[in-house]
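Notes follow once the structure below has been shown.
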Amino acid sequence: MVLKKSDLTGSVMQVKSKDITSVTANNPIQALQGRVTGVSVVTNSRPGESPTLRIRGNGSISAGNDPLYVVDGFPLMNGSLNEINANDIASIEVLKDASATAIYGSRGSNGVIMITTKTGGKDSKNLSFNANYGFQMPGRLIETMSHDQFIDYINSAYMNSKGTTVYNDENPAPDTHTDWQRETLYGCKPVQDYSLSLDGTSGDTQYMLSGGIYLQDGLLPSSEFDKYTFRTNVQHKFNNFLKIGTHMQYSYTEANMAELSNYQGALNDIWRDGWPTLPVYREDGTFAVPQDNPRISTLFGDAAYWNPVANYKEVTTKSNVSRLLGDVYAEFQLAKGLTFKTNFGLDIANKRDYNYTTSKITTSTGYGKGGNGYTKKMSRLTENILSYMNEWGDHRFTATGVYSWQNYMYETLSISGNGFANDETGAWDMGQANRETVEYGSDKYENSLISWTGRVTYAYKDRYLLTATARYDGSSRFGENNKWGFFPSIGLAWRASEEKFLAGNKVITNLKVRGSFGVTGNQEIGNYKSLAQLKVDNYIYNDTEIQGFYETIGNPDLKWERANQFDIGIDLSLWNRIHVTADYYHRKTSDLLYNVPIPSTSGFSSMLSNVGSVLNKGWELSITGNIIDLNDLKIDATVNLSRNTNKIKELYNDVQSITLKSGLGLSSYLKVGESLNSRYALLADGIIRTEEQLAAYRKIEATAKMGDEMYKDLDGDNQITVKDQVNIGTTDPKLIYGVALNIQYKKWGISILGNGADDFVGGSSYLQISENQLNASTIGVPSKYAYERMWSPSNPNGTYPAAGASNTHESDRVNSGWYYFVLKSMALNYDFGRNPFKAVKGIKGLSASLNFQNFITFSSQRGYNPENGDTSYPWIKSVSISVNAKF
């Protein structure tokens, strides 16, 4: 059942096909960034990696905060959209409030992303070809030190921390100066996207067939992502009683992921581990290492940093996924206005993983190491839908009843080992591994969900609108006493512009006030968590290893997290040219799923239970204006703003705080009255610049030296501990926003999209990681930015600690108050129109565009990724040319 937009009582936003395909990306969800209020999308440029998406904040501690993804009515249970061809999508709808999401009941508390793919057109036949060819390059690089600066830095650092130097007259520094970013980040790499589709109508049959190829070469060695898709959507009407149809897609993807496991991320390996005095290769062609220099080997031993090029070229991490996703359905017209639809869906994915590290860089053993594995995921759906629709006079009424059953199965096998002597066959030949190092693993589980749903809508005179939904879900994941949950919602709307007092008003051309309340759930806790389980373990008794069994404690009362959400909104149009949508929401999630400590006398340390609550509330505003609307010139612009605040209202048993991560880095706690994503750090108090400051601060940190950073001793105990940390903010921005501008002049078009966020705590801060390299316990390679600002006797006003400084910790100075704005995409389009070339007949339309992505960025930090400080993969900017032809 499809409702008209004017009949909606909930908060729903839609992104159409032309906007989805305007972004060159392996995952179509990236097209939502900057376009939809209340939606936060944090991208990851690593080929084949999915972005992180949140709708109206985080509502759960441990049960997941990802929205539910639905493709052509099929709820995906693993949430991956990497295998979907963006050119096949007709629209993406974001369901945000309870009135909209309640139809998905126990899985709707984090919002719903509904994807609808294209179907057959009204014309007899349409052939479309889309091609996009471009180049990707690092969006940001770190400015590194010169050869002389590095020598000065490393000698200063080691002198300050160890009392000696690395390079001296007896061990002079080599003339080598390697730029590791240029050696590893391969300039411009191609990205290609091709799609061919055929759609139309033949008699009583509507059809759409498509094939797609997406090829992305990564910027780092050993990183790439290739995708091949084929889709068929067909519907045939036999008569006025019966029609049948199918949505079916097959996809195959191959991903080669750059090794990102070292330290804090791949990019750190480049500018943190890569000494510029180290060549990439020795004279014999093998990889050079710092220990090749006897002096470095003596000072650092095996702790000297590694060769970044070797780390990428000699480590392979591959996977391929073969996936079939689709459904078949039959729809019966039982009577006027009464239809019955039965639907059978299947989502099956087979994945192969392979990883191998060659003997060239496993210097401790001289042998290779690796493994491979197989994973199968399968989801089956059965759905029966009975719908009734009737209109009489000023009344319009619909009623829908749904029964659905969905089953999800997962199984995996894996094997790994060390001691491979032959790098050519690697981990594919497990027989050559050292048997004592071989490890096997396997797992299998499944879960099921049964649902009964009812929904009614009522409209009177197109002015007064009602939507009511009730869903009753039963899940195998929950306890014996709470397998079923009830999730109701109601939405009301008043189209005031249809009232007599506004009829014919030339200023207020549309005014609708909406309100809704409902309950949704979250069941993402894994499998068998409510059950007591037997496990095999070994223990030592009288110096003898004995096999025994122990039981994990179950909880038969385990149940869904429940989100109670209230939403009020307004849709306003002025002069039929300015369109405003505003919403305020209040969502309280209770019965949070969390492992609660229990008395040790039980024999266990914790039990998964329903405790506590979290409140999310906020507002959203979207304004679109048709600035100019002339025959040859059209200009429209959109601005959207969103703010969400998150607060823990209650934990368990009067507990006010739970430690998640504690230390003198960024700490995180769950504290009543504060955000789920609050971060805690020390307050910086300046650099020690004088002997008086040094003497005073040594009462707090006895090993302090000139040039060290000072931190505030807030509890007055004359030592710096986690007790001196304070809440420096949250990783959730206080404001997220997007801007869009479209200009159309005759056959030329310009489209611009930007998005940003303000006032949040960043992740792996570039400044902090760079500053850490000045620490005496690290002595890596800082950036030129940090080097030029580090304190020294010759730079007494330096704002960074001295080289080789002791006791450097993460603080508010470098981790809080982040912001960014990215000009996400710019496109120059030209529409050639119908039959632009006399020699070529049959062209119904031809257009071309020049596209730029991520070319302009403003941010508070100087790292690779302005969105979150991520250092695992380069922030990508790209330029491409796209062509669209219709025949």
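Last residue of the sequence shown: 887 in UniProt numbering, with the numbers rising by one and none dropped.
Idealized CB from N, CA, C, for every residue including glycine.
A quick note: this is a predicted structure, and the numbers were derived from the prediction, not measured.
Delimiting residues of the beta strand (DSSP E) encompassing residue i
{"i": "H579", "result": "578-597"}
{"i": "Y820", "result": "818-831"}
{"i": "S442", "result": "439-460"}
{"i": "M607", "result": "606-629"}
{"i": "Y680", "result": "678-681"}
{"i": "A470", "result": "464-475"}
{"i": "H395", "result": "395-420"}
{"i": "M208", "result": "205-217"}
{"i": "W560", "result": "Premise fails: W560 is in no beta strand (DSSP E) and is neither H nor E."}
{"i": "K237", "result": "224-237"}
{"i": "R834", "result": "Note, R834: premise wrong, no beta strand (DSSP E); not H, not E."}
Near the ligand FAD: residue i beta-carbon under 7 angstroms from a heavy atom
{"i": "R295", "result": "Absence of the ligand FAD is noted for the structure shown, with no ligands found whatsoever."}
Option in the options with minimal Cα separation from residue i
{"i": "Y250", "options": "G326, K118, M13", "result": "G326"}
{"i": "A90", "options": "G121, V112, L68, P67", "result": "G121"}
{"i": "D473", "options": "K461, G479, F486", "result": "F486"}
{"i": "T21", "options": "G707, H809, Y194", "result": "Y194"}
{"i": "P67", "options": "Y104, D199, F230", "result": "Y104"}
{"i": "R231", "options": "V814, S222, L198", "result": "L198"}
{"i": "E436", "options": "D557, G417, N130", "result": "G417"}
{"i": "R295", "options": "A459, I508, T164, K824", "result": "T164"}
{"i": "S605", "options": "V655, F340, I553", "result": "I553"}
{"i": "G59", "options": "L651, K588, V722, M790", "result": "K588"}
{"i": "G401", "options": "E383, K227, S414", "result": "E383"}
{"i": "N130", "options": "P174, E650, A802, L196", "result": "L196"}
{"i": "A86", "options": "I61, G187, N132, A802", "result": "N132"}
{"i": "R140", "options": "V883, W575, K877, W494", "result": "K877"}
{"i": "I55", "options": "F760, T808, I736, A468", "result": "I736"}
{"i": "L465", "options": "F517, R396, Q719, M409", "result": "R396"}
Distance CB(residue i)-CB(residue j) smaller than 8 angstroms
{"i": "V519", "j": "R577", "result": "no"}
{"i": "D347", "j": "N372", "result": "no"}
{"i": "I570", "j": "V513", "result": "yes"}
{"i": "V280", "j": "T178", "result": "yes"}
{"i": "T24", "j": "N851", "result": "yes"}
{"i": "G38", "j": "S642", "result": "yes"}
{"i": "M145", "j": "Y153", "result": "yes"}
{"i": "P190", "j": "D169", "result": "no"}
{"i": "F340", "j": "L386", "result": "yes"}
{"i": "R46", "j": "Y864", "result": "no"}
{"i": "D724", "j": "D732", "result": "no"}
{"i": "L683", "j": "V726", "result": "yes"}
{"i": "T9", "j": "A681", "result": "no"}
{"i": "I490", "j": "S497", "result": "no"}
{"i": "P138", "j": "T184", "result": "no"}
{"i": "S609", "j": "N555", "result": "yes"}
Contacting residues, own chain, Cβ-Cβ under 7 angstroms from residue i (five flanking each side not counted)
{"i": "H247", "result": "D72, T117, N233, G326, D327"}
{"i": "F887", "result": "L127, G842, I843, K844"}
{"i": "T659", "result": "Y669"}
{"i": "S11", "result": "K96, D97, A100, D567, G569, D583"}
{"i": "P174", "result": "T277"}
{"i": "K634", "result": "I628, Q744"}
Residue i, enclosing alpha helix (DSSP H) - first and last residue
{"i": "D812", "result": "812-815"}
{"i": "P308", "result": "308-313"}
{"i": "E701", "result": "From DSSP, E701 is part of no alpha helix (DSSP H); its letter is neither H nor E."}
{"i": "residue 898", "result": "An answer regarding residue 898 cannot be provided, because it is not within the stretch 1 to 887 covered by the chain."}
Close-in-space but distant-in-sequence residues of the same chain around residue i (CB under 8 angstroms, 5 per side omitted)
{"i": "E143", "result": "S783, K784, Y785"}
{"i": "Q432", "result": "G419, F420, A421, N422, T425"}
{"i": "F821", "result": "G754, N755, G756, T857, F858, S859"}
{"i": "L242", "result": "A330, E331, F332, Q333"}
{"i": "Y697", "result": "I688, A704, D708, M710"}
Other residues of its chain near residue i: CB distance less than 6 angstroms, five sequence neighbours each side excluded
{"i": "K360", "result": "E314"}
{"i": "G625", "result": "I578, A637"}
{"i": "S751", "result": "N742, A827"}
{"i": "M13", "result": "V36, V94"}
{"i": "L572", "result": "L511, V580"}
Runs of beta strand (DSSP E) lying entirely within the segment 113-180, each at least 3 residues, in chain order: Correct list: 126-138.
Exercise. Can you check the UniProt domain "TonB-dependent receptor plug" (5-112) for any beta strand (DSSP E) of at least 3 residues that lies completely inside it and give the ranges in chain order?
Key: Restricted to the UniProt domain "TonB-dependent receptor plug" (5-112), the beta strand (DSSP E) segments that are unbroken, complete and at least 3 residues in length are 12-16, 39-42, 52-55, 68-71, 74-76, 89-95, listed in chain order.
May I have a chain-ordered list of the alpha helix (DSSP H) segments no shorter than 4 residues that lie completely inside the segment 703-744?
Here no run is fully enclosed.
So within the segment 634-682, which uninterrupted beta strand (DSSP E) runs reach at least 3 residues, ignoring any that extend past its ends?
For secondary structure counted as the beta strand (DSSP E) over 3 or more consecutive residues, the segment 634-682 holds these complete runs in sequence order: 657-661, 668-671, 678-681.
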